[in-house]
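What follows is one structure encoded as structure tokens, with my remarks underneath.
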Amino acid sequence: MDLCGPMRVASINGKRYVLVIVDDYSRYSWVHFLRTKDEMPEVIKNFLKKIFVRLQSPVIIVRTDNETEFKNHFLKEYFDSVGITHETSATKTPQQNGVVERKNRTLVEAARTMLIFSHALLFLWAEAIATAKPDISYLYVFGALCYSKNDRKDIGKLGAKGDIGFFIGYSANSFAYQVYNRRTEKIMETMNVTFDELSAMAFEQNSSRPGL
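Just so you know, the sequence shown maps onto residues 416 to 627 in the working numbering.
Here you go:
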């Protein structure tokens with residue numbers, strides 16, 4: 416979770432803050448617009464309740480920065496009552512909460528571009544953020560052929576610089592991909608990977624396809 420604001424110009428509905436919530440695994444995002452910081456604890460509480468009812472799955476960990484708005488008695492009492500662990504980043508280290516920080520910047524930059532391009536009035540910034548197209552460039556088809564950087568030290572100048580593998584998911588702990596490496600026959604997490612979605616699926620190229 417991350418709070419952005421106050422915005423210099425209030426929205427048409429008087430909102431000045433943006434609360435961005437990102438699911439760390441799927442990267443699915445929710446955006447809430449607030450008039451003041453004081454609204455945030457109640458908004459977070461109601462959001463977590465809705466997630467539990469709709470998905471029948473409780474939130475176990477909430478990760479935020481170390482700002483005081485997230486460290487208040489109301490939220491601490493609620494988190495303790497439902498068994499939620501509240502993790503905070505160290506002071507002046509926003510990269511520890513990097514997933515939602517990047518999402519926040521992406522949404523604000525997209526909204527700014529939309530307002531400039533359309534010559535819209537600035538007080539429509541909240542509507543622009545709500546309409547901003549999500550970044551799906553990191554999404555790939557399960558089983559897509561890919562090449563991860565070869566980490567062997569003895570490959571030489573003519574050796575293969577990348578290992579053949581196939582994409583199987585996303586890291587739960589970082590902004591990385593999970594890849595099954597055909598050479599090592601192990602699952603690895605890496606950002607140093609090139610995808611080849613135009614070729615046949617890696618599963619189809621694997622002659623030793625397991626049966627379920």
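Idealized CB from N, CA, C, for every residue including glycine. Since this is a predicted model, take the numbers as computed values, not measurements.
Starting from residue i, trace the beta strand (DSSP E) both ways and give me its first and last residue.
i    : result
L490 : Taken as a continuous stretch (DSSP letters only), L490 belongs to no beta strand (DSSP E), being part of the alpha helix (DSSP H) at H488 to V497.
K601 : K601 to T605
T500 : T500 to T503
V608 : V608 to D611
Drop a sphere of 10 angstroms on the beta-carbon of residue i, count the other beta-carbons inside from all chains shown, and report buried for 16 or more, exposed for fewer.
i    : result
T508 : exposed
L554 : exposed
K518 : buried
G580 : buried
D569 : In this predicted model, D569 has a pLDDT of only 49, less than 50, meaning its place in the structure is not dependable enough to derive any value.
M416 : buried
V435 : buried
W445 : exposed
L418 : buried
I602 : exposed
Y443 : exposed
Give the DSSP bridge partners of residue i, in chain order.
i    : result
T451 : For T451, which the question treats as bridged, DSSP gives no partner whatsoever.
K430 : Bridge partners of K430: none, in fact.
K564 : G577
L418 : L434
Find the nearest neighbour of residue i within the set the options, judged by alpha-carbon distance.
i    : options                   : result
D611 : D578, R442, D439 and R527 : D578
Y585 : Y440, A425 and M422       : Y440
Y562 : T479, E604, A505 and E482 : E604
K464 : A425, K486, Y493 and I544 : Y493
R598 : F590, K564 and I466       : K564
R423 : Q510, L539 and S533       : L539
V477 : P421, D438 and A525       : D438
F582 : E457, A591, K486 and A559 : A559
F489 : Q511, E454 and E516       : E454
S552 : V433, P421, T521 and M529 : T521
R527 : V468, I544 and E516       : I544
Between which two residues does the alpha helix (DSSP H) harbouring residue i extend?
i    : result
I531 : G513 to S533
T506 : Element bounds for T506: n/a, residue is neither H nor E.
I476 : Per DSSP, I476 belongs to no alpha helix (DSSP H); it is in the beta strand (DSSP E), I476 to T479.
T546 : W540 to T546
Review point. On the three-pair Cβ rule with 8 angstroms, is the segment 497-509 touching the segment 467-484?
Key: In short, these stretches touch, since the Cβ pair count reaches three.
Check your understanding: Are three or more beta carbon pairs between the segment 443-450 and the segment 421-432 nearer than 8 angstroms?
Key -> Yes, they touch.
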